[in-house]
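Peer 1: With my numbering applied, the sequence shown covers 17 to 197.
For every residue, glycine included, the Cβ atom is placed at its ideal position computed from N, Cα and C.
Let me give you the structure first, and then I'll get to my questions.
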Amino acid sequence: MRLRIATPDDAAAIATIYAPVVTDTAIAFELEPPTADEMRRRLIGTLGRFPWLVSLDDVGLVSGYAYAGAHRERAAYQWSVDMTVYVRAASRGRGVGRGLYEALLEELTKLGYAQAFAGIALPNDASVALHEAVGFEHIGVYEKVGFKLGAWRDVGWWQKTLCSYASEPVAPKAFDATGNF
Numbered sequence: 017m018r019l020r021i022a023t024p025d026d027a028a029a030i031a032t033i034y035a036p037v038v039t040d041t042a043i044a045f046e047l048e049p050p051t052a053d054e055m056r057r058r059l060i061g062t063l064g065r066f067p068w069l070v071s072l073d074d075v076g077l078v079s080g081y082a083y084a085g086a087h088r089e090r091a092a093y094q095w096s097v098d099m100t101v102y103v104r105a106a107s108r109g110r111g112v113g114r115g116l117y118e119a120l121l122e123e124l125t126k127l128g129y130a131q132a133f134a135g136i137a138l139p140n141d142a143s144v145a146l147h148e149a150v151g152f153e154h155i156g157v158y159e160k161v162g163f164k165l166g167a168w169r170d171v172g173w174w175q176k177t178l179c180s181y182a183s184e185p186v187a188p189k190a191f192d193a194t195g196n197f
C-alpha cells in the first residue's frame, strides 16, 4: 500500500468508493451519492486547509481515502477536526483504513491540531474497531439523529487527543497540498 495526498484527478475513484456506501448502507447520511464533479469540488475545498489522503493498491488504483475537516466553524474550535475514512470493498480488512488514519493523525498532529473526532453511524463494528485501534475513545451517542433506509439511526462519537495543551496555543498551520507526503 502506498499513500499520497489526494488530487482532483482522484475524484472519480473516490466517488466510486463512496457511492455504494451511500446507496446500500446507513453508514453515510447522504441520500444520493455525489458525482465525481461534486467530489472534486469537495476535495479542492478541503485541501486548502486540511489533509486529504488516498491509498493506492499494488496496481496503482485508489483503494481508500481519509480526510479531515473543521469540527465546528467558530474560532475557539480551530484546534479540533472531524475525520473520516472509506475503503473500497475489495480492499477492506487489509489495513488500508488503519494506514490512512495513522498517516492522517500524524499529519494533523504536525499541523498543530489538539483533538480529532469521528462520528460513526451505528451499528458499525468494523468502524468502531478501527477507530479504537488507532486510539479513539467513545464519548457519546446522538440517538435517532438521522433517518435512512427506513429507520432512525444513532451516531456514536469518538475522540482522540493529538497533542498536549498549551495555555496560549498557536493556531494550527494550513495543510500544504503541494508538499510531499
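Please name the residue or residues paired with residue 198 in a DSSP beta bridge.
Peer 2: The structure shown does not extend to residue 198, since the chain is modelled only from 17 to 197, so the question has no answer here.
Peer 1: Taking the DSSP output, what are the residues bridged to residue 79?
Peer 2: Paired residue(s): none; residue 79 is not in a bridge.
Peer 1: Taking the alpha-carbon positions, what's the residue 173 to residue 194 distance?
Peer 2: Their Cα atoms are separated by approximately 32 Å.
Peer 1: Name the residue from 109, 165 and 131 whose alpha carbon lies nearest to the alpha carbon of residue 40.
Peer 2: Nearest of 109, 165 and 131 to residue 40, Cα basis: 165.
Peer 1: Assign residue 124 to buried or exposed, taking buried as 16 or more other Cβ atoms, counted over all protein chains shown, within 10 Å of its Cβ.
Peer 2: When all chains shown are included, residue 124 counts as buried.
Peer 1: Go ahead and pull the three-state DSSP assignment for residue 158.
Peer 2: Strand at residue 158.
Peer 1: Among 29, 68, 63 and 69, whose alpha-carbon lies nearest the alpha-carbon of residue 50?
Peer 2: For residue 50, the nearest C-alpha among the options comes from 29.
Peer 1: If residue 63 sits next to residue 20, beta carbons under 8 Å apart, how far is it from one beta carbon to the other, in whole angstroms?
Peer 2: Not a contact, Cβ separation roughly 12 Å.
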